[in-house]
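Read the structure below first, then the notes.
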Amino acid sequence: VGSVGRVVFDNIVGGGFEGEIWPVNPKHAQVVGHRCYGRVADLPGVPDLAVIVTPPETVPDIVRELGEKGTRAAVVITAGLNHANGLRQAMLDAAKPSLMRIIGPNTVGLMVPPAKLNAGFAHMAARPGNIALISQSGAIATSLIDWAAENNVGFSRIISLGDMADVDVGDCLDMLAGDFHTRAIVMYLETIPNPRKFMSAARAAARLKPVIAIKPGRHEQAARAAATHTGALSGADRVVDAALRRAGVLRVD
Numbered sequence: 001v002g003s004v005g006r007v008v009f010d011n012i013v014g015g016g017f018e019g020e021i022w023p024v025n026p027k028h029a030q031v032v033g034h035r036c037y038g039r040v041a042d043l044p045g046v047p048d049l050a051v052i053v054t055p056p057e058t059v060p061d062i063v064r065e066l067g068e069k070g071t072r073a074a075v076v077i078t079a080g081l082n083h084a085n086g087l088r089q090a091m092l093d094a095a096k097p098s099l100m101r102i103i104g105p106n107t108v109g110l111m112v113p114p115a116k117l118n119a120g121f122a123h124m125a126a127r128p129g130n131i132a133l134i135s136q137s138g139a140i141a142t143s144l145i146d147w148a149a150e151n152n153v154g155f156s157r158i159i160s161l162g163d164m165a166d167v168d169v170g171d172c173l174d175m176l177a178g179d180f181h182t183r184a185i186v187m188y189l190e191t192i193p194n195p196r197k198f199m200s201a202a203r204a205a206a207r208l209k210p211v212i213a214i215k216p217g218r219h220e221q222a223a224r225a226a227a228t229h230t231g232a233l234s235g236a237d238r239v240v241d242a243a244l245r246r247a248g249v250l251r252v253d
């Protein structure tokens with residue numbers, strides 16, 4: 001009780017998700033009325049999505065087991081998987097043989113309100129709507145959920161990208177461009193990794209629906225703050241501005 005894992009599980013159950021929910025924890029036989037499984041191999045079927053909230057050193061093995069089981073995607077909420085301790089690369093290596101995709105690590109989670117899925121630890125669920133939000137900052141994602149609740153705004157998807165070890169903004173734009181629940185895409189960007197992939201994805205998405213970018217870093221203090229938050233500089237703001245304009249993305253100050 002009180003652990004991040006418990007908060008995430010309560011959010012998934014409390015959100016009213018209508019699919020199967022299978023908790024995995026070797027220490028429990030039951031979690032909030034749901035049968036709990038000791039390990040991934042014991043699950044009665046193949047999970048479409050895994051949400052991982054375990055200590056960092058356990059994540060690569062769990063990812064490998066999920067990949068072998070046939071799971072295609074995982075949200076890794078756990079922080080502390082980085083280049084220095086090798087766990088980030090170990091996680092990616094574990095996912096590679098099965099081509100499993102990873103959102104995170106170090107993410108607030110994923111919300112798909114039309115499917116009643118709240119797979120994260122944001123303090124409140126978002127209402128369904130037709131705006132997709134992609135955020136590189138968990139704090140910005142949760143504050144926008146707050147604002148939206150007060151203003152009766154709903155979402156088709158909310159994706160908190162975290163450290164972007166695998167899935168990045170370009171991947172999300174590709175997916176959302178063809179998502180019929182999504183009428184417009186809003187991005188909060190601190191950095192643009194894989195600029196070439198981002199540009200082609202943004203250009204394709206912006207032809208189909210409005211794509212709006214909120215990008216800090218216009219002023220020196222903001223650029224410094226973005227650098228300390230993500231460990232990567234945002235680049236010269238004029239260059240970013242020109243790139244977004246060229247891709248047909250609307251930038252909001």
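Here the sequence shown stands for residues 1 to 253, numbered as in my numbering. C-beta atoms are modelled at their ideal positions from N, C-alpha and C, and glycine is treated no differently.
Nearest residue (CA-CA) to residue i, options the options
{"i": "M199", "options": "V239, G178 and F180", "result": "V239"}
{"i": "I103", "options": "A74, N11 and V32", "result": "A74"}
{"i": "T78", "options": "G162, I185, D168 and I192", "result": "G162"}
{"i": "K197", "options": "K209, V211 and G170", "result": "G170"}
{"i": "V167", "options": "R39, R72 and P23", "result": "R72"}
{"i": "P26", "options": "V40, A149 and G129", "result": "V40"}
Straight-line Cα distance separating residue j from residue i
{"i": "G120", "j": "F17", "result": "13 Å"}
{"i": "E20", "j": "D253", "result": "42 Å"}
{"i": "M111", "j": "A94", "result": "25 Å"}
{"i": "S135", "j": "S160", "result": "5 Å"}
{"i": "G70", "j": "P210", "result": "35 Å"}
{"i": "M187", "j": "R6", "result": "29 Å"}
{"i": "G154", "j": "R127", "result": "5 Å"}
{"i": "D241", "j": "M175", "result": "24 Å"}
{"i": "N152", "j": "A84", "result": "43 Å"}
{"i": "G80", "j": "P55", "result": "9 Å"}
{"i": "A141", "j": "M124", "result": "11 Å"}
{"i": "A165", "j": "A29", "result": "33 Å"}
With 16 other Cβ atoms within 10 Å as the buried cut-off, status of residue i
{"i": "L99", "result": "exposed"}
{"i": "K295", "result": "Because the chain in this structure spans residues 1 to 253, residue 295 falls outside the shown range and cannot be described."}
{"i": "T58", "result": "exposed"}
{"i": "G231", "result": "Confidence is the limiting factor: at G231 the pLDDT is only 44, short of 50, which leaves the residue's position unreliable and the question unanswerable from this model."}
{"i": "L66", "result": "buried"}
{"i": "V326", "result": "Absent from the model: residue 326. The displayed extent of the chain is 1 to 253, so no value can be given."}
DSSP three-state assignment for residue i, whether helix, strand or coil
{"i": "R101", "result": "strand"}
{"i": "P128", "result": "strand"}
{"i": "N11", "result": "helix"}
{"i": "I214", "result": "strand"}
{"i": "A84", "result": "coil"}
{"i": "A115", "result": "helix"}
{"i": "L244", "result": "helix"}
Where are the alpha helix (DSSP H) runs, 4 residues long or more, that stay fully inside the segment 133-211, in chain order? Complete alpha helix (DSSP H) runs here, min 4: 138-150, 169-177 and 195-208.
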